[in-house]
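Below: the structure, in structure tokens.
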Amino acid sequence: MCGDITLFQSLTPLNPSITIHLPNDSKVDATKCGNIKLSPHLTLTNDLRNKFVLAVGKRIGKLYFLTDESFPSNQPLQSSGNILACNSDASQLYDLWHKRLGHCSSSALHHITVLNLSNENHTSICPVCPLAKQTRGTFSLSESHTCKPFELIHVDVWGPYKQPSLNGCHYILTIVDDYTRVTWTHLMHHKSQTTQILSAFFAKVSTQFETKVKALRSDNGSEFLSLSCQSLLQNLGIIHQKSCTYTPQQNGVVERKHRHLLQVARAIMFESGLPRIFWADSILVATHIINKLPSSKLNWKTPFELLYKSPPSYACLKTFGCLCYATNVMPHKSKFDHRAFKCVFIGYVSGQKGYKVYDIDNKVAFVSRDVVFHEDTFPYKSSTVQNR
1 MCGDITLFQS
11 LTPLNPSITI
21 HLPNDSKVDA
31 TKCGNIKLSP
41 HLTLTNDLRN
51 KFVLAVGKRI
61 GKLYFLTDES
71 FPSNQPLQSS
81 GNILACNSDA
91 SQLYDLWHKR
101 LGHCSSSALH
111 HITVLNLSNE
121 NHTSICPVCP
131 LAKQTRGTFS
141 LSESHTCKPF
151 ELIHVDVWGP
161 YKQPSLNGCH
171 YILTIVDDYT
181 RVTWTHLMHH
191 KSQTTQILSA
201 FFAKVSTQFE
211 TKVKALRSDN
221 GSEFLSLSCQ
231 SLLQNLGIIH
241 QKSCTYTPQQ
251 NGVVERKHRH
261 LLQVARAIMF
271 ESGLPRIFWA
281 DSILVATHII
291 NKLPSSKLNW
301 KTPFELLYKS
311 PPSYACLKTF
321 GCLCYATNVM
331 PHKSKFDHRA
341 FKCVFIGYVS
351 GQKGYKVYDI
361 DNKVAFVSRD
371 VVFHEDTFPY
381 KSSTVQNR
């Protein structure tokens, strides 16, 4: 019996299906039968969600033998080929990664070769994508001529949004590197924080990438024309390229990036059913996703790969807004206190090995590394909304 349909060399429908009784007293229906080619080694996993290896059996003849050497230490599974997920069916696996990656296009999914997904498995129509992404016809685009990262960055402020975020922010400052298209988004309470964030960003580029920003392109927003911002740019020798008044097309790179960010953010918000107070978290997650997506404008490389010179990892990606349980690590809990908090997943955390989750009962967000995910369940989603 096999749960991965992609391993079969041939399949024949069973009519009627056969009910199979499993050792844990549950039942499953076998709907097809076929031939499968066995590999020299069989890897067993006790939990596909957490990717812990149980044992690796060596094939001898028609049997797999387990010895003491078959059981490794309980370490996360390092996936060098196919990345495992909780859904084994090929179509469900495709849909799961489509959701994890912010409802990205089939072309982008196809070019993430480490996932080993085929467009042939994409048979259903996503009801969320047109609601989140449909736009008018495109206009001609200007071509970039930079040759290295940080020769030119594009910046813009989005907002104010009427609904404050979880931490009370109304604005987002977006920074896009012209050469790699890597994007950074920063939450702001007020536009006046722009200069402070830009100053920290310039310092980060100098320290982490051993280079300097050469030029900055923006619109004529007051936050960029302020005395503090102009003084910062002049003191660092950064050329300020300003678009003409009422001509946002001249700052088109970051304008289009805002559109892409909002498309992905809307899609994952619609999919999860989360209320709008989570709008900022959805944009931060969208940024994380987009930086890891292959782009046709980058010869199907990812922005992450162009900047960091290595392909991104997808092993830690989870579906935004899904149900999860974060381990209760409070030091003074009693013997009968809950050992986990019921939460929803709302983001990734830079500089920390953990996930940002929101406690449904206590109405508080926190970071946890010990999280169990249920990516097919969305606590905030209305029962009237169809699942993909």
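Heads up, the sequence shown is in the UniProt record's numbering, so the first residue is 1 and it goes up one at a time. By construction, the Cβ of each residue, glycine as well, lies at the ideal position given by its N, Cα and C atoms. What you are looking at is a predicted structure, and each value in this text was computed from that prediction instead of being measured.
Grouping DSSP H, G and I as helix and E and B as strand, with all else coil, what is Gln92?
Residue 92 sits at position 92 when you count from the first residue of the sequence shown. Reduced to three states, the DSSP call for Gln92 is helix.
Report the three-state DSSP secondary structure of Ile360 (helix, strand or coil).
Walking along the sequence shown from the start, residue 360 turns up at place 360. Coil.
Check whether the Cβ atoms of Val253 and His154 sit closer than 8 angstroms, and answer yes or no.
Position 253 of the sequence shown, counted from the start, is the residue given in the question as residue 253. Position 154 of the sequence shown, counted from the start, is the residue given in the question as residue 154. Yes; because the gap between Cβ atoms is below 8 angstroms, this pair is in contact.
Inter-residue CB distance, Pro312 and Lys301 (contact presumed, cutoff 8 angstroms):
By one-based count along the sequence shown, residue 312 stands at place 312. By one-based count along the sequence shown, residue 301 stands at place 301. By a beta-carbon distance limit of 8 angstroms, Pro312 does not contact Lys301. Their separation comes to about 10 angstroms.
Which two residues bound the contiguous beta strand (DSSP E) that contains Ile197?
One-based indexing of the sequence shown puts residue 197 at position 197. Counting along the chain, no beta strand (DSSP E) covers Ile197; the unbroken alpha helix (DSSP H) around it starts and ends at Thr194 to Gln208.
Determine the contact status of Lys292 and Glu375, defining contact as a CB-CB distance below 8 angstroms.
The sequence position of residue 292 within the sequence shown is 292, counting from 1. The sequence position of residue 375 within the sequence shown is 375, counting from 1. Lys292 is not a Cβ neighbour of Glu375, given a cutoff of 8 angstroms.
Could you name the residues of the same chain whose beta carbon sits closer than 8 angstroms to that of Asp47, not counting the 5 residues immediately before and after it, in chain order?
Within the sequence shown, numbered from 1, the residue matching residue 47 stands at position 47. At Asp47, the pLDDT of 49 sits below 50, so the modelled position is not reliable and the matter cannot be decided from this model.
Going by the C-beta, is Ala132 closer than 7 angstroms to any heavy atom of the ligand ATP?
With respect to the ligand ATP, the structure shown offers nothing to examine, as it has no ligands at all.
Separation of Arg276 from Ala30, as counted between CA atoms:
In the sequence shown, the residue the question calls residue 30 occupies position 30. In the sequence shown, the residue the question calls residue 276 occupies position 276. Straight-line spacing of the CA atoms in Ala30 and Arg276 works out to 42 angstroms.
When the Cα atoms are used, what is the spatial distance from Lys342 to Thr327?
Translated into the one-based positions of the sequence shown, residue 342 becomes position 342. Translated into the one-based positions of the sequence shown, residue 327 becomes position 327. The alpha-carbon atoms of Lys342 and Thr327 are separated by roughly 9 angstroms.
Contact check, Arg181 vs Leu298 under 8 angstroms by CB: the rounded distance?
In the sequence shown, the residue the question calls residue 181 occupies position 181. In the sequence shown, the residue the question calls residue 298 occupies position 298. So it is a contact: roughly 6 angstroms between Cβ atoms.
Take Asn387 and list the residues in its own chain whose beta-carbon comes closer than 6 angstroms to its own, dropping the five residues that flank it on each side.
Taking the first residue of the sequence shown as 1, we reach residue 387 at position 387. Any reading at Asn387 must be qualified, since the residue scores a pLDDT of 40, below 50, and its modelled position is unreliable; no value is offered.
For the segment 264-271 and the segment 87-103, state whether three or more C-beta atom pairs, one from each stretch, are separated by less than 8 angstroms.
Yes: at least three Cβ pairs fall under 8 angstroms.
Does the Cβ of Ala203 have 16 or more other Cβ atoms within 10 Å, making it buried, or fewer, making it exposed?
Taking the first residue of the sequence shown as position 1, residue 203 is located at position 203. By the neighbour-count criterion, in which 16 or more other beta carbons inside 10 Å mark a residue as buried, Ala203 falls on the exposed side.
According to the neighbour-count rule (16 or more other Cβ atoms, all chains shown, within 10 Å of its Cβ), is Cys33 buried or exposed?
To locate residue 33, count along the sequence shown from 1; it is residue 33. It counts as exposed.
Just the C-alpha distance for Leu166 and Thr377, rounded to the nearest angstrom, thanks.
Counting from one through the sequence shown, the residue named residue 166 turns up at place 166. Counting from one through the sequence shown, the residue named residue 377 turns up at place 377. Computed Cα separation, rounded: 22 angstroms.
When you compare each of Pro13, Val28 and Thr12 to Thr19 by their alpha carbons, which one comes out closest?
For the purposes of this step, residue 19 is taken as residue 19 along the sequence shown, with counting starting at 1. Of all alpha-carbon atoms in Pro13, Val28 and Thr12, the one lying nearest the alpha-carbon of Thr19 is that of Val28.
Apart from the five residues on each side of it in sequence, which residues of its chain come closer than 6 angstroms, Cβ to Cβ, to Val371?
Position 371 of the sequence shown holds residue 371. Excluding the 5 residues flanking it on each side, Val371 has same chain C-beta neighbours closer than 6 angstroms at Cys324, Ala326 and Tyr355, in chain order.
Coil, strand or helix - Arg259 by DSSP:
Walking along the sequence shown from the start, residue 259 turns up at place 259. The DSSP-derived three-state label of Arg259 is helix.
Helix, strand or coil, according to DSSP, for Asn251 in the structure here?
As a first step, residue 251 is located in the sequence shown; it is residue number 251 there, counting from the start. DSSP places Asn251 in helix when its eight states are reduced to three.
Bridge partner(s) assigned by DSSP for Ala30:
For the purposes of this step, residue 30 is identified with residue 30 of the sequence shown, where counting begins at 1. DSSP output for Ala30 lists Ile18 as bridge partner(s).
Going by alpha carbons, who is nearest to Ala215 out of Leu152, Leu131, Gly168 and Asp178?
In the sequence shown, residue 215 corresponds to position 215, counting from 1. For the residues Leu152, Leu131, Gly168 and Asp178, the minimum Cα distance to Ala215 belongs to Leu152.
Buried or exposed for Arg369, going by 16 or more other Cβ atoms inside 10 Å?
Here residue 369 corresponds to residue number 369 of the sequence shown, with the count starting at 1. For Arg369, the number of other beta carbons within 10 angstroms of its own is below 16, and it is reported as exposed.
What residue from Asp156, Ile290 and Ala90 has the CA that sits closest to Gln241's CA?
Residue numbering aside, residue 241 sits at position 241 when the sequence shown is read from its first letter. Comparing Cα-Cα distances from Gln241 to each of Asp156, Ile290 and Ala90, the minimum goes to Asp156.
Which residues share a DSSP beta bridge with Ser295?
Stepping through the sequence shown from its first residue, residue 295 is reached at position 295. DSSP, once it has assigned bridges, lists Lys301 as partnering Ser295.
By DSSP, does residue 412 sit in helix, in strand, or in coil?
Nothing can be reported for residue 412, as the shown portion of the chain is limited to 1 through 388.
Name the DSSP bridge partner or partners of Tyr355?
Translated into the one-based positions of the sequence shown, residue 355 becomes position 355. According to DSSP, which records beta bridges pairwise, Tyr355 is partnered with Tyr348 and Ser368.
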